[in-house]
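*Asks:*
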Amino acid sequence: MEPGGTRTERDPRYIERHLAAIRAYTSFFSPEVRGTEHIPAEGPALLVGNHNGLFYMPDAWATALAIYDRRGPDHPAYTLTYDLLLTMPVVGSFLRRIGAIRAGSDEAEQALASGGLVLDYPGGDWEASRPWVDRNTIDFGARTGFVRLALRAGVPVIPVVSQGAHDSVVIVSRGNRIAKLVGLGGLRINVFPILWGPFGLTTALVPPPPLPSSVTVEVLPPMDWSGLGPGAADDPETVDRCATEIREVMQTALDRLHQERPHPVRRGLVNQVTRLRVF
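In numbering that gives the first Met the number 0, the protein residues as written are 0 to 278.
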């Protein structure tokens, strides 16, 4: 049980034992995280990010490490995770022990109420599997549950924008029609991504290795919706207005980061070559 009484399997000592491996994996993407002063060192907050890179998720790992470095192991922090992953052998246990909790459950509200930080990627598999041509577009797929969660909890909402992470894998199509055709909807899977790899077209079942794209993550100043009150969570117009507000703020930041670093794969390759020369 975490401080404050939240029942999770998060294990600070387990996280510490796996930090080196997580940092080694994430370093492949030359991450830079800015604005970490906007992450509260303690207390509740909801961090909302754009989801990238299919299941490689380099920005999610970079953000999680930044949260750990800011708060330390004993100030609880969690990530909302697709529940199917949590049922998988080995993978599910690992994710739960590093702080994953089920998306769409009341666990997130309990975590915030007990002073925890929650990281949410509302776009889920829809956004993480968007085509290469849309890699610099925020796309939550009309999902607004995170707004209702923030309004009910009355906590600061902190946008986290990443650029370059979705350049790490070339997605040709979400394959959402394929997913529907083969009945993946019953598993709450909305996509069956078609990818481009070294040997041509492939799928997420036989994925190509990720490209060493340089990832930039920027934590933006908090947005305070607490004055709207918890009852606003039941007002569709207020929820939609808040969702539009944060998407616009995040899209503006993503546009700026893309202008600053328009070629993240090239930048990442240069970083990898430089690192090899150092050794």
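Don't be surprised by glycine CBs; every beta carbon is placed ideally from N, CA and C.
Sorted by chain position, which residues of the same chain lie with C-beta nearer than 7 Å to Trp-195's C-beta, five sequence neighbours on each side aside?
*Replies:* Counting from 1 along the sequence shown, the entry for residue 195 is found at position 196. Counting only Cβ-Cβ distances below 7 Å, and skipping sequence neighbours, we find Val-169, Val-171.
*Asks:* Thr-243: buried (16+ other C-beta within 10 angstroms of its C-beta) or exposed?
*Replies:* Here the question's residue 243 lines up with position 244 in the sequence shown. Per the 10 Å Cβ criterion, exposed.
*Asks:* Where in the region 4-28 do unbroken runs of the alpha helix (DSSP H), each at least 4 residues long, occur, reported from the N-terminal end onward?
*Replies:* With a minimum length of 4 residues, the continuous alpha helix (DSSP H) runs that stay inside the region 4-28 are 11-26.
*Asks:* With a threshold of 7 Å on Cβ separation, who are the neighbours of Asn-51 within its own chain once the five nearest residues in sequence on each side are excluded?
*Replies:* Here residue 51 refers to the residue found at position 52 of the sequence shown. Same-chain partners within the cutoff: Asp-58, Ala-127, Ser-161, Ala-164, His-165.
*Asks:* Taking Ile-245 and Val-90 to be in contact with their CB atoms under 8 Å, please state how far apart those CB atoms are, rounded to whole angstroms.
*Replies:* For this step, residue 245 is matched to residue 246 along the sequence shown. For this step, residue 90 is matched to residue 91 along the sequence shown. That pair is no contact at about 30 Å.
*Asks:* For Pro-75, which three-state DSSP category applies?
*Replies:* As a first step, residue 75 must be located in the sequence shown, where it is residue number 76. Coil at Pro-75, not helix or strand.
*Asks:* So what does DSSP say about Leu-194, is it helix, strand or coil?
*Replies:* Position 195 of the sequence shown, counted from the first residue, corresponds to residue 194. Here Leu-194 sits in strand by DSSP.
*Asks:* Can you tell me the Cβ-Cβ gap for Thr-80 and Leu-94, rounded? I've got them flagged as a contact below 8 Å.
*Replies:* The residue given as residue 80 occupies position 81 in the sequence shown. The residue given as residue 94 occupies position 95 in the sequence shown. Contact holds; Cβ gap of about 6 Å.
*Asks:* Need the endpoints of the beta strand (DSSP E) that Ser-172 sits in, please.
*Replies:* Counting from one through the sequence shown, the residue named residue 172 turns up at place 173. Its beta strand (DSSP E) spans residues 169-172.
*Asks:* CB-CB under 7 Å to Thr-202, same chain, minus the five flanking residues each way: which ones, in chain order?
*Replies:* Reading the sequence shown from its first residue, position 203 is the one you call residue 202. Only Phe-191, Pro-192, Ile-193, Leu-194 meet the Cβ criterion.
*Asks:* Assess contact between the region 30-47 and the region 109-121, defined as three or more Cβ pairs (one per stretch) separated by less than 8 Å. Is contact present?
*Replies:* Contact holds: three or more Cβ-Cβ distances are below 8 Å.
*Asks:* Quick check: what's the CA-CA separation for Pro-75 versus Leu-45?
*Replies:* Your numbering for residue 75 matches position 76 in the sequence shown. Your numbering for residue 45 matches position 46 in the sequence shown. The alpha-carbon atoms of Pro-75 and Leu-45 are separated by roughly 12 Å.
*Asks:* Taking C-alpha atoms, which residue in Tyr-120, Leu-83, Leu-253, Asp-233 lies nearest to Leu-183?
*Replies:* The sequence position of residue 183 within the sequence shown is 184, counting from 1. Out of Tyr-120, Leu-83, Leu-253, Asp-233, Leu-83 has the C-alpha closest to the C-alpha of Leu-183.
*Asks:* Short check: CB of Phe-139 to CB of Trp-125, under 9 Å?
*Replies:* Start at 1 with the first residue of the sequence shown, and residue 139 comes out as number 140. Start at 1 with the first residue of the sequence shown, and residue 125 comes out as number 126. Yes. Within cutoff.
*Asks:* Pro-158 by DSSP, collapsed to three states: which one?
*Replies:* Translated into the one-based positions of the sequence shown, residue 158 becomes position 159. If DSSP states are grouped into helix, strand and coil, Pro-158 belongs with the strands.
*Asks:* By Cβ distance below 6 Å, which residues in the same chain neighbour Val-248 in space, the five residues on each side in sequence not counted?
*Replies:* Within the sequence shown, numbered from 1, the residue matching residue 248 stands at position 249. Pro-158.
*Asks:* Could you check the C-alpha separation between Glu-15 and Gly-42 for me, to the nearest Å?
*Replies:* Translated into positions along the sequence shown, residue 15 becomes position 16. Translated into positions along the sequence shown, residue 42 becomes position 43. Taking the straight line joining both Cα atoms gives about 21 Å.
*Asks:* Could you give the first and the last residue of the continuous alpha helix (DSSP H) run that contains Leu-256?
*Replies:* Working through the sequence shown from its first residue, we reach residue 256 at position 257. Start and end: 235-259.
*Asks:* When DSSP labels each residue in this structure, what does Val-216 get in the three-state scheme?
*Replies:* As a position in the sequence shown, residue 216 is number 217, starting the count at 1. If DSSP states are grouped into helix, strand and coil, Val-216 belongs with the strands.
*Asks:* Assuming Ala-252 contacts Leu-219 (C-beta within less than 8 Å), just tell me the rounded distance between them.
*Replies:* One-based indexing of the sequence shown puts residue 252 at position 253. One-based indexing of the sequence shown puts residue 219 at position 220. The pair is a contact, with the Cβ atoms about 6 Å apart (cut-off 8 Å).
*Asks:* Do Ala-99 and Thr-78 have their CB atoms nearer than 9 Å?
*Replies:* Residue mapping note: residue 99 aligns to position 100 of the sequence shown, counting from 1. Residue mapping note: residue 78 aligns to position 79 of the sequence shown, counting from 1. Going by C-beta atoms, Ala-99 is nearer than 9 Å to Thr-78.
*Asks:* Alpha carbons only, please: which of Leu-227, Arg-265, Leu-180, Ala-20 is nearest the one belonging to Ala-61?
*Replies:* As a position in the sequence shown, residue 61 is number 62, starting the count at 1. It is Ala-20.
*Asks:* Okay, do the region 206-219 and the region 251-266 touch, 3+ Cβ pairs below 8 Å being the bar?
*Replies:* These segments touch.
*Asks:* Whose C-alpha, out of Asn-270, Arg-9, Ala-232, Arg-255, is nearest the C-alpha of Ile-97?
*Replies:* As a working mapping, residue 97 is identified with position 98 in the sequence shown. Of the candidates Asn-270, Arg-9, Ala-232, Arg-255, the one whose C-alpha sits nearest the C-alpha of Ile-97 is Arg-9.
*Asks:* Need the endpoints of the alpha helix (DSSP H) that Glu-41 sits in, please.
*Replies:* The residue given as residue 41 occupies position 42 in the sequence shown. First-last for Glu-41: undefined, no H or E at that position.
*Asks:* Hey, quick one: how far does the alpha helix (DSSP H) through Ile-100 stretch, first residue to last?
*Replies:* Counting from one through the sequence shown, the residue named residue 100 turns up at place 101. No alpha helix (DSSP H) contains Ile-100, which is instead part of the beta strand (DSSP E) from 99-101.
*Asks:* Give the straight-line distance between the Cα atoms of Phe-27 and Arg-33, rounded to the nearest whole angstrom.
*Replies:* Within the sequence shown, numbered from 1, the residue matching residue 27 stands at position 28. Within the sequence shown, numbered from 1, the residue matching residue 33 stands at position 34. When rounded, the distance between both Cα atoms is 18 Å.
*Asks:* Per DSSP, what are the beta-bridge partners of Met-222 in this structure?
*Replies:* On the sequence shown, position 223 is the one that residue 222 refers to. According to DSSP, which records beta bridges pairwise, Met-222 is partnered with Val-156.
*Asks:* Starting from Leu-186, follow the beta strand (DSSP E) in both directions and report where the run begins and ends.
*Replies:* What you label residue 186 is simply residue 187 of the sequence shown in a count that begins at 1. Leu-186 -> no beta strand (DSSP E), and no H or E assigned at all.
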